[in-house]
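If you use the numbering used here, the sequence shown corresponds to residues 94 to 481, in order.
What follows is one structure encoded as structure tokens, with my remarks underneath.
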Amino acid sequence: MEDENKKITDYAFDTVDKYVKILSGIEKRYLKEKIEQLSSKYNSLMELKKTKKSAHEIDSMFFCFEDLPPTGKEYWFMTYVSTKPEDKRQLLVMFGRTCESVKINRKEIINRNYLNSVRRFSKSADFEKCEGRNGYITVWSYTDRKNLILEDECSISINSGGLMVSARQNKVNVHYNGKFPDYSFTLSKRNKEIANFKITESTAHSKSFEFSSYFKLFAGFALINLYFDFTGTLNGENFMGKCYVQKVVVIGPFVPWYWGRIVFSNGSVLTYFEPRIEILMFEHKIRSILEFYAHSKAQTYIFKNLNIKKFGKKNQRWLITANEGKGKISISLKSYASHKFIFEKIGLFTYIEYLCEVTNISVEGFDIDTKNLGSGFGLIEDARGYIL
């Protein structure tokens with residue numbers, strides 16, 4: 094079965110060759126060279142992780158622009174979730190760019206580079222002589238209701254110690270600065286501070302970072318996930334909890350996926366991921382895994398081959414179960430806010446973020462008392478379609 098799954102997965106990535114066939118010989122050589130460079134770089138990072146040295150590579154990977162080949166995309170993603178019992182507040186930030194122009198929610202984002210031009214967006218001397226790229230950003234939060242802070246074209250600027258994202262028209266600035274394992278995050282709009290966080294490495298989690306990569310021929314991905322605690326203010330009120338910070342580089346098409354991350358008030362965390370291939374009536378799970386970190390045990394439990402179901406059209410409900418292996422898990426979620434993105438280029442891709450709360454959870458086969466988890470809130474993603 095594993096051999097068959099590998100064949101199907103490889104076939105999905107091989108389809109990118111259809112795009113490559115229309116490129117010139119020079120373009121093909123350029124594309125192959127860039128893929129090999131990316132593959133080599135992230136494979137070396139994986140090796141460094143095995144030898145417990147990869148933490149030294151985190152900032153150099155996070156605070157940089159990749160030299161993207163055709164079909165290349167890179168984006169940064171952050172979620173901030175409260176661990177205060179029954180507190181639904183969340184803040185989500187996502188920004189990134191593609192090597193070619195793309196339409197996002199009907200707005201065309203044109204790829205452009207900036208050199209030493211970020212001063213027109215910010216008075217910060219730290220970013221006067223840094224690299225800049227044109228991109229797209231969305232920032233939204235939930236306090237007592239959904240608040241769309243920004244969704245627009247932006248300038249992304251990077252130096253060795255930080256990121257700054259600016260949207261001139263909306264006068265929004267995002268700063269993420271520091272060195273592993275201590276960072277800071279600030280968000281302002283029209284010179285008014287919205288969020289200000291101090292971000293530190295969590296001492297109550299099985300891991301604070303992880304690298305992952307997969308490359309096949311002319312397609313693949315590489316990413317880094319960071320798991321931290323944060324404390325600070327949101328809209329002038331105290332706000333603290335757990336944050337998830339990610340950078341992803343994708344070469345080739347976006348494919349459908351389910352993803353979710355739920356944070357419980359006692360510090361436990363549940364994360365699942367299921368990328369898929371969907372062609373007509375055929376559906377194949379490239380990967381299907383759920384990780385549950387039980388804070389009281391300081392241990393992570395793995396569940397595979399998930400069954401994910403969505404119910405309803407408004408305030409959607411989700412049921413996620415896994416019955417394979419020693420343990421069993423079932424979690425019910427109810428959404429209370431959402432935001433939708435439609436990407437148009439070669440293909441159409443729909444990506445929806447749902448803020449959810451846990452209505453029920455049960456675990457069998459492991460000594461976990463779910464009654465002590467407290468309330469649980471987080472983000473789940475539903476992505477469908479394909480786009481190069």
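Ideal Cβ placement from N, Cα and C applies to all residues, glycine included.
The structure displayed is predicted, hence computed values, not measured ones.
- Contact between E246 and Y229 holds: their C-beta atoms lie close to 6 Å from each other, under 8 Å.
- Taking all protein chains in view, the Cβ of L441 is surrounded by fewer than 16 other Cβ atoms within 10 Å, so the residue is classified as exposed.
- Rounded to whole angstroms, the gap between the alpha carbons of L327 and A288 is 5 Å.
- Burial is judged here by how many other beta carbons sit within 10 angstroms of a residue's own beta carbon; N266 has at least 16 and is buried.
- If you check the CB distance, I413 and V451 do not come in under 8 Å.
- By a beta-carbon distance limit of 8 Å, E446 does not contact E417. Their separation comes to about 28 Å.
- K181 is the residue among S153, K181, F302, M154 whose C-alpha sits nearest the C-alpha of K427.
- Following the DSSP letters along the chain, one finds F155 inside the alpha helix (DSSP H) bounded by residues 151-155.
- Measuring C-alpha to C-alpha distances from G165 to each of Y123, Y269, V338, L256 identifies Y123 as the nearest.
- Contact annotation: T176 and K335 have beta-carbon atoms nearer than 8 Å.
- In terms of Cβ geometry, S295 and Y320 form a close pair [threshold 8 Å].
- If one requires a minimum length of 3 residues, the beta strand (DSSP E) runs lying completely within the region 240-294 are 255-260, 265-272, 275-282, 285-294, in chain order.
- Bridge partners of F158 according to DSSP: none are assigned.
- Nearest C-alpha to A476 among I242, E376, F434, K438: F434.
- Its Cα nearest to that of S468, the residue N453 stands out among G458, N453, E457.
- Distance from the CA atom of R283 to the CA atom of R238, rounded to whole angstroms, is 21 Å.
- Relative to Y168, the option among F347, Y479, F273 whose CA is nearest is F347.
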